[in-house]
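As numbered in mature numbering (1 follows the signal peptide of the UniProt record, and there is no 0), residues -17 to -1, 1 to 101 make up the sequence shown, in order. The beta-carbon is built from N, C-alpha and C at its ideal position, and this holds for glycine as well. Bear in mind that the values here come from a model prediction, so they are computed numbers and not experimental data.
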Amino acid sequence: MLHNSLYVNFLLTGLVAQLACYPQPLLRSFLLNTNMVFQPSVKSLLQVLGSVKNKIESFAASQEDFPALLFKAKKYLIARGKLDWSDVPGAVPALRRSDSLAKIILDINEMTAAAVRV
């Protein structure tokens, strides 16, 4: 997740949030139950998030100017949230999904729909 674009990370976060809210008890339990025991090769969402957290912390420690980078990112996101992009045509290029990401999202939607039918 560290090397993904902001847009891809927003999509992934939204997808996981939608899956967690889906009215399927097994899926919800898989994503949100922290006491579930998995096979050694299967990571829980908590383990994955912990791994991402550790990678972010090691990246932050390796960057001398990380507080400045963090401040710039925070400032950018706040400013971006305050702008009405429909009033400024052409100011910022439209965000587009890559074809491979769109295919992954479609595949996940199809798998989720198939799981519900079962």
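| Asked | Found |
| --- | --- |
| Whole-angstrom C-beta distance between residue -16 and residue 54, which should lie under 8 Å | At roughly 19 Å, the Cβ-Cβ gap does not stay under 8 Å, so residue 54 and residue -16 are not in contact. |
| Completely contained alpha helix (DSSP H) runs for the region 6 to 47, where each covers 4 or more residues | 8 to 15 and 28 to 45 |
| Cα-Cα separation, residue 37 to residue 6 | 31 Å |
| C-beta contact flag for residue -3 and residue 10 at 8 Å | no |
| Secondary structure of residue -9, DSSP reduced to three states | helix |
| Residue -15 - DSSP class collapsed to helix/strand/coil | coil |
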